[in-house]
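For the record, the sequence lines run as chains A and B.
Reminder that position 63 of the first sequence reads as 63 in the UniProt record's numbering, one-by-one numbering, no gaps.
Reminder that position 139 of the second sequence reads as 139 in the UniProt record's numbering, one-by-one numbering, no gaps.
Protein chains: 2
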Amino acid sequence: MSARTAGGDKQSFIEQARRAQIVASATKVIAETRYAGASLALIAEDAGISKGVISYHFTSKSELMEEVVRRILAEVVEFVVESVKDRESATEVLRGQILAVAEHMRERPAAIMALHEIAANMRAPDGSLRSGIEASEEILRLLEGIYEMGQRTGEFRAFDCRVMAVTHNAAVNDMFAYWATHPGHDLDAHAAELADVFVRATREEPSA
Amino acid sequence: MSARTAGGDKQSFIEQARRAQIVASATKVIAETRYAGASLALIAEDAGISKGVISYHFTSKSELMEEVVRRILAEVVEFVVESVKDRESATEVLRGQILAVAEHMRERPAAIMALHEIAANMRAPDGSLRSGIEASEEILRLLEGIYEMGQRTGEFRAFDCRVMAVTHNAAVNDMFAYWATHPGHDLDAHAAELADVFVRATREEPSA
DNA sequence: CTAAATTTTGGCCGCTCGGTCAGAATCTAG
DNA sequence: CTAGATTCTGACCGAGCGGCCAAAATTTAG
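Next up, the structure:
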């Protein structure tokens with residue numbers, strides 16, 4: 001029963017591989033059938049295994065979903081940080097973040113779709129709060145940090161960094177949702193426009 | 001079986017009243033238990049009627065949900081249009097729209113919550129698209145119109161009005177989501193900040 | 001009042017879901 | 001090879017869902 005024990009254990013390669021395989025199938029199935037349609041049966045079928053295997057490697061569906069979120073979130077953050085780390089001004093980091101996210105959306109749309117689905121639909125165990133919101137708190141804090149940096153260097157005007165981060169995050173997320181549901185929509189142009197909007201929003205402006 | 005016939009009919013007062021009552025209970029239950037938790041049984045219980053009555057007055061759960069969306073959307077649009085109709089510049093309409101929506105969120109949070117839940121979770125009959133997105137197309141067009149007006153009068157700089165409308169809509173929606181999940185968050189300050197951001201985004205700015 | 005039409009009830013159906021389990025299969029160590 | 005640990009299978013369970021319907025209750029029309 002070693003596979004069922006809690007997270008801290010050292011796990012065999014095959015154990016790790018199975019979990020990764022299941023997470024990959026879950027990601028794919030969620031992206032294709034939405035959160036509500038992603039049953040354990042479908043995920044198992046996609047992975048070419050029996051349904052019981054999922055229950056063997058994950059204590060519950062929630063745990064599987066949390067793992068999916070964890071992996072995709074780490075992937076996105078790594079991609080964006082890598083793409084932005086050399087930029088020097090806050091303005092350039094801002095632009096870079098938006099363009100990097102758009103690029104990543106084009107490369108791994110299923111992962112982003114799955115992330116959105118889970119974030120929108122999953123609840124904490126007690127049912128009181130969306131755990132998806134908790135998950136995106138990390139991203140919110142990173143964005144907030146960018147805006148705070150810009151204010152510290154005097155590049156940006158005064159504003160509420162939290163509100164700016166929430167707005168920025170919403171805009172980027174909805175860019176994906178719009179792109180995903182409107183075939184032919186120009187993601188690059190959208191991202192460029194977004195970058196423009198948020199850079200302008202950070203500038204001081206004379207007329208009230 | 002008159003109640004089951006399609007929409008065009010003249011319907012009795014009691015029929016209309018029952019439908020309105022069911023829609024009201026559905027709105028409340030969705031806001032309290034989220035879309036996935038809002039079963040016909042719970043809605044009927046809240047309305048103090050038998051489950052079968054819902055099936056009698058609505059051909060399906062989807063039809064009920066569509067009616068809920070229709071009513072809330074109409075309510076929001078009416079409130080905002082009423083609150084904005086006397087403003088003369090596009091900039092003032094923009095500000096007014098954001099502040100009006102925030103005010104409406106404070107007055108009828110359950111309705112807005114239900115709208116968000118359904119928009120995020122409902123699908124078109126063929127399962128291909130979110131009907132919630134279709135529903136919000138109306139709002140998107142209204143917003144697009146504001147930005148186009150500002151460009152026509154030379155008040156606003158050149159930008160993609162569609163992208164601006166999508167971004168604006170996302171920001172306002174997420175303002176609600178953040179407020180709903182973060183007790184103590186200052187909705188008025190958030191709305192004011194948002195208005196500032198989008199007004200600034202419409203302005204020409206010298207430094208590239 | 002009587003009869004027809006409308007509305008409501010409450011139990012029932014078939015379905016899908018997440019989760020469980022005994023036993024089979026596979027892998028590993030001695 | 002053998003024995004024990006690990007992993008997998010596929011059937012099964014109880015719960016909750018949307019929808020259905022015969023019969024009861026209520027309202028309306030004559």
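Note that the Cβ used here is the ideal one computed from N, Cα and C, for glycine as well.
What you are looking at is a predicted structure, and each value in this text was computed from that prediction instead of being measured.
Which same chain residues, not among the five before or five after residue i, have their C-beta less than 6 Å away from its C-beta?
i, result
"A/N121", "Y35"
"B/I112", "M105 and F176"
"A/A195", "R95 and I98"
"B/I43", "S25, A26 and V29"
"A/F159", "none"
"A/V81", "none"
"B/E67", "V23"
Which residue wins for smallest C-alpha separation from residue i, given the options the options?
i, options, result
"B/S62", "B/D196, B/A26 and B/E204", "B/A26"
"A/T153", "A/V101, A/T202 and A/G184", "A/T202"
"residue 209 of chain B", "B/N173, B/D160 and B/F58", "Given that chain B is displayed from residue 1 to residue 208, the structure contains no residue 209 of chain B and the question cannot be resolved."
"A/H168", "A/L143, A/M149, A/M65 and A/H185", "A/L143"
"B/E117", "B/R19, B/D86 and B/A31", "B/A31"
"B/F79", "B/E107, B/G52 and B/E66", "B/E107"
"B/S50", "B/L73, B/R18, B/K85 and B/K28", "B/R18"
"B/W179", "A/V163, A/A158, A/W179 and A/S39", "A/V163"
"A/A110", "A/L140, A/I72 and A/S136", "A/I72"
"A/S139", "A/S89, A/R157 and A/V69", "Note that residue 139 of chain A is Ile in the sequence shown here, rather than Ser. Answer by Cα proximity: A/V69."
"B/V93", "B/R157, B/E148 and B/A74", "B/E148"
What do you reckon, are the CB atoms on residue i and residue j nearer than 8 Å?
i, j, result
"A/A102", "A/D46", "no"
"A/R200", "B/R200", "yes"
"A/A171", "B/A170", "yes"
"B/S136", "B/A114", "no"
"B/A100", "B/V84", "yes"
"A/S60", "A/E155", "no"
On the CB-based measure, 16 or more other CB atoms within 10 Å of its CB, does residue i come out buried or exposed?
i, result
"B/L129", "Interpretation of B/L129 is limited by its pLDDT of 47, a score under 50 that renders its predicted location unreliable; the figure taken from the coordinates is listed afterwards. So B/L129 counts as exposed."
"B/T91", "buried"
"B/G150", "buried"
"B/I146", "buried"
"A/F13", "exposed"
"A/V23", "buried"
"B/E204", "exposed"
"A/A20", "exposed"
"B/A41", "exposed"
"A/E193", "buried"
"B/H190", "buried"
"A/A38", "buried"
Residue i by DSSP, collapsed to three states: which one?
i, result
"A/E88", "coil"
"A/P183", "coil"
"B/M122", "coil"
"A/A38", "coil"
"A/G150", "helix"
"A/T202", "coil"
"B/A158", "coil"
"A/G96", "helix"
"A/V76", "helix"
"residue 216 of chain B", "The first residue shown for chain B is 1 and the last is 208, placing residue 216 of chain B beyond what the model contains."
"B/I22", "helix"
"A/R141", "helix"
"B/R71", "helix"
"B/R108", "coil"
"A/S83", "helix"
"B/Q16", "helix"
"B/I43", "helix"
"B/I30", "helix"
"B/S50", "coil"
Please work out which residues of its chain come closer than 8 Å, Cβ to Cβ, to residue i, disregarding the five sequence neighbours upstream and downstream, and give them in chain order.
i, result
"A/N173", "H116"
"B/M65", "A26, I118 and M122"
"A/V197", "A171"
"B/C161", "E144, Y147, E148 and Q151"
For residue i, collect the residues of the same chain with a Cβ closer than 7 Å to its Cβ; drop the 5 residues on either side in sequence, then sort them by chain order.
i, result
"A/I54", "I22, L40, I43, A44 and L64"
"B/T33", "L42"
"A/H185", "Y178 and W179"
"B/R157", "T202, R203 and E204"
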